[in-house]
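Take a look at the structure below.
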Amino acid sequence: MLSGTPRPAWVTFDCYGTLIQWDEGLDQAVRTILAGKAATVDPARLIATYDRHEHALEREQPHRRFRDIAGAALTLAMRDLGLAPDERDAAVLTDAIGRMPPFPEVVPTLAALKAAGFRLCIISNTDDDIIAGNVAQLGGHIDRVVTAEQAGAYKPSHRIFAHAHRALGVTGDEVVHICASPHLDLVATRALGLRDIWIDRGTGRRPADGYQPDAVLPSLDGVPAVFKDAGWL
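Going left to right, the sequence shown walks through residues 1 to 233 as the working numbering numbers them.
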């Protein structure tokens with residue numbers, strides 16, 4: 001529970017799926033890619049196969065940029081499904097990621113948190129140049145962006161959170177992490193003992209082993225009320 005705990009100096013956010021419409025944007029990108037192929041493949045099947053390869057590649061060493069991992073994962077997924085990958089397909093995907101828009105309630109909520117004096121940071125499994133297009137759509141409210149490219153590690157690795165906290169000059173006790181990903185973010189917040197809020201947008205993804213975050217909300221606009229109940233507003 002957040003009530004009775006100290007007001008955080010920083011609020012950190014996962015980006016894709018939390019602030020940015022990841023599932024919706026990925027579906028559109030994959031449909032664009034498939035439109036140029038002769039075979040008929042369910043977009044959801046390609047996305048699931050891509051997702052599996054992407055997360056496997058992110059666990060490998062040495063660290064690789066997300067742009068390279070996304071391209072490699074897409075190639076492997078397409079081959080798995082009998083599709084002929086084209087070198088342009090990876091560019092279609094990564095370019096689409098940078099253009100994905102925020103959920104409708106995100107910018108007003110970030111504005112409200114900034115007005116209340118909170119500093120806001122994104123911690124994301126991506127590259128600096130890809131996420132720049134997304135951050136540009138967030139109303140100028142984000143104070144800091146920490147990427148896997150900067151940290152040399154992908155969530156759920158603890159390294160990216162440690163890198164972020166060092167960059168912000170805080171300890172884990174001085175932040176609250178807000179995320180939509182149970183298997184990348186909540187796995188880490190649980191292990192690190194970080195205060196967390198899960199934005200459950202109805203994707204069907206659930207926290208592992210019945211883990212209960214400090215708060216669960218259907219969308220980001222419920223965060224100010226949670227902060228008020230905690231005595232931070």
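Note that the Cβ used here is the ideal one computed from N, Cα and C, for glycine as well.
Return yes when the Cβ of residue j is within less than 7 Å of the Cβ of residue i, no when it is not.
i    : j    : result
A162 : Y154 : no
S219 : E105 : yes
T126 : F66  : yes
R144 : C121 : yes
A111 : H141 : yes
P167 : V146 : It should be noted that the sequence gives Ala, not Pro, for residue 167. For A167 and V146, yes; Cβs fall inside 7 Å.
P182 : P207 : yes
V176 : R195 : yes
A164 : I123 : yes
T234 : I130 : Residue 234 falls outside the range modelled here, since the chain spans only 1 to 233, and no answer is possible.
Just to confirm my understanding: we take residue i, look at its own chain, exclude 5 residues before and 5 after, and list those with CB closer than 8 Å. What are they?
i    : result
L57  : R64, I69, A72, A73
G117 : none
V226 : L2, I197, A215, L217
P85  : L74, T75, M78, R79
L138 : L19, P102, V106, V107, L110
R159 : A151, G152, A153
D128 : V145, T147, E149, Q150
Check residue i in the structure and name its three-state DSSP category.
i    : result
P156 : coil
L83  : coil
F118 : coil
T49  : helix
W22  : helix
V216 : strand
P102 : strand
E54  : helix
T75  : helix
G172 : helix
P108 : helix
Q137 : coil
E63  : Looking at the sequence provided, one finds His at residue 63 rather than Glu. Note: H63 maps to coil in three-state DSSP.
L222 : One detail in the question is off: residue 222 reads as Gly in this sequence, not Leu. Note: G222 maps to helix in three-state DSSP.
L2   : coil
T203 : coil
Cutting at 7 Å between CB atoms, please list the residues of its own chain near residue i, excluding the five before and the five after it.
i    : result
G193 : G172
D229 : S3
G82  : A39
E174 : P8, A9, W10
V170 : A9, W10
So if DSSP puts residue i in a beta bridge, which residue, or which two residues, is it bridged to?
i    : result
I178 : F13, I197
S124 : T147
Apart from the five residues just before and just after residue i, which ones in its own chain have a Cβ nearer than 6 Å to its Cβ?
i    : result
I20  : M100, P102, N134
L184 : K155, P156
D221 : E105, T109
Q150 : none
Open item on the list: For the structure I just gave you, are there three or more beta carbon pairs, one from the region 28-40 and one from the region 89-107, closer than 8 Å?
Closed with: In short, these stretches touch, since the Cβ pair count reaches three.
Open item on the list: When you compare the region 3-11 with the region 39-52, are there three or more beta-carbon pairs, one atom per stretch, that lie closer than 8 Å?
Closed with: Verdict: no, contact absent.
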